[in-house]
Amino acid sequence: MTDEGFEAATGDGPAPSATPGAAGGAAGGAAERRAAEVRVAFEGLLQIRRLTNTAGGDPAAVPAVWERNRPVRAVALALEAAGLAPSAVDAEGRRVATGYRVGPGEAPGTVRVEWLGPPGGGAAQEEERALGACARVLAPLGWEALLYRGPRKRRFLEVEALPPP
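Going by numbering that gives the first Met the number 0, the residue at position 34 of the sequence shown is 33; the numbering climbs one at a time, nothing skipped.
Encoded structure:
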């Protein structure tokens, strides 16, 4: 999150202060506030779709122009709203949590989703299953996610918005 407003977790920020569902205390309150912010942001995104996707079909199943112009933010929001864990880095840029990382793809309008974690944390063994879960979240929202193998045989998704109807 920034002073400018809500920012979906891309997996390149600090570790969450608490895990979702943590009981009580300041950490539990922070997790509950974050979950509420994500829920409101995602509901807002779906409302934008309903208001702007009027060409026919299910408006919630097609990314809006806003999302097409900000695909990294839109994909990160969809993954976070689905309850998938983002990766995280510390102040020195070292991975400290296993989860998704969303960044720009190689082609304009595309997004790259990776499953990353701390060295020796098992992210490489989880990535095929975890990226499959990411793809299953994105598909009904109008995002095409193709699984590839990159350098060192690590898997990643290349994601892009399906064309409007």
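Each residue gets a CB set at the ideal place from its N, CA and C atoms; glycine is no exception.
- Taking each of L83, G119, R38 in turn and checking the Cα distance to G131, the smallest one comes out for L83.
- The three-state secondary structure of L78, taken from DSSP, is helix.
- Cα atoms of S86 and G43: separation of roughly 24 Å, rounded to the nearest angstrom.
- Within the same chain, Cβ atoms closer than 6 Å to the Cβ of T51 are found at A63, the five residues on either side in sequence being excluded.
- Residue environment analysis places R48 among the buried positions, since at least 16 neighbouring C-beta atoms fall within 10 angstroms of its C-beta.
- Taking one beta carbon from each stretch, the stretch 103-110 and the stretch 156-164 have 3 or more pairs nearer than 8 Å; the two touch.
- Approximately 40 Å separates the beta-carbon atoms of A54 and P150; this is outside 8 Å, ruling out the contact.
- The continuous alpha helix (DSSP H) containing V136 extends over residues 122-137.
- Between the C-alpha atoms of G141 and A122 there is a straight-line separation of about 27 Å.
- Contact check for A144 against E79 fails: the beta carbons are separated by 8 Å or more.
- Judged by DSSP in its simplified three-state form, L156 adopts strand.
- Fully contained in the stretch 3-73 are the following alpha helix (DSSP H) runs of length 4 or more, in chain order: 24-51, 64-68.
- Cβ atoms of R154 and E125 stay farther apart than 8 Å, at about 10 Å.
- According to the DSSP assignment, A90 belongs to no beta strand (DSSP E), since it is labelled neither H nor E.
- Residue state for P150 is assigned as helix, using DSSP reduced to three classes.
- Residue pairing by DSSP places L115 opposite G98 in a beta bridge.
- The Cβ-Cβ distance between R100 and D11 falls below 8 Å.
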